[in-house]
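> Got a structure for you, questions after.
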Amino acid sequence: MIESLKLQQPQQIAGAVQPKVTSAAEVTDQFEKFLSDAIADLNTQQSTSDVMKEQFVKGEISDVHQLMIASEKASLGLELTVQVRNKVIEAYQEIMRTQI
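Start counting the sequence shown at 1; every next residue gets the next number (the numbering used here).
See the structure below:
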């Protein structure tokens with residue numbers, strides 16, 4: 001049984017582990033798409049929360065729990081976005097302070 005197992009060559013293993021090499025433009029495009037999708041999702045959460053608040057005030061919905069959940073999701077999403085923005089700005093400032 002052990003004899004029937006074939007050992008892979010080190011080059012095959014190394015080739016399987018190495019990540020796909022991408023250009024800086026591709027990485028930039030992927031990052032831009034990720035950020036735009038995240039901001040669009042945040043905007044959707046904010047809009048949903050606003051619509052639910054209006055419906056609650058008008059008396060169209062009576063489930064306060066769903067309103068609070070939607071409101072907290074929107075609030076936490078906005079807070080996360082602000083914190084990520086702050087960290088990106090800090091990283092940029094640190095790079096700009098780096099002496100060559």
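Each residue gets a CB set at the ideal place from its N, CA and C atoms; glycine is no exception. Just so we're clear, the structure is a prediction, and the values are computed from it rather than from any experiment.
Should L23 be labelled buried (16 or more other beta-carbon atoms within 10 Å of its own) or exposed?
Taking the sequence shown and counting its residues from 1, one reaches residue 23 at position 23. Looking at the sequence provided, one finds Ser at residue 23 rather than Leu. By the neighbour-count rule (16 or more Cβ atoms within 10 Å), S23 is not buried but exposed.
> What's the gap between the Cα of A87 and the Cα of L78?
Counting from one through the sequence shown, the residue named residue 87 turns up at place 87. Counting from one through the sequence shown, the residue named residue 78 turns up at place 78. The sequence shown places Lys at residue 87, not Ala. In a straight line, the C-alpha of K87 is about 14 Å away from that of L78.
> Where does M96 land, buried or exposed, given buried means 16+ other C-beta within 10 angstroms?
Walking along the sequence shown from the start, residue 96 turns up at place 96. Exposed.
> If we call anything under 9 Å between Cβ atoms a contact, is S71 one with K53?
Your numbering for residue 71 matches position 71 in the sequence shown. Your numbering for residue 53 matches position 53 in the sequence shown. Cβ distance < 9 Å, so S71 and K53 count as in contact.
> Report all residues from its chain with a CB closer than 7 Å to the CB of F56; omit the five preceding and five following residues, and keep chain order.
Walking along the sequence shown from the start, residue 56 turns up at place 56. Within the same chain, F56 has close Cβ partners L67.
> One question on the structure: do T81 and A38 come within less than 9 Å of each other, judged by their Cβ atoms?
Along the sequence shown, read from residue 1 onward, the residue named residue 81 stands at position 81. Along the sequence shown, read from residue 1 onward, the residue named residue 38 stands at position 38. Contact flag set, yes.
> Quick check on G77: does DSSP put it in helix, strand or coil?
Counted from its first residue, the sequence shown places residue 77 at position 77. Three-state DSSP puts G77 in a helix.
> Throw me the rounded Cβ distance for the S49 and A74 pair, which I believe falls under 8 Å.
As a working mapping, residue 49 is identified with position 49 in the sequence shown. As a working mapping, residue 74 is identified with position 74 in the sequence shown. Confirmed, about 4 Å.
> Report the option in I100, Q46, V84 whose CA atom is closest to the CA atom of L35.
The residue labelled residue 35 in the question sits at position 35 within the sequence shown. Ranking the options by Cα distance to L35, first place goes to V84.
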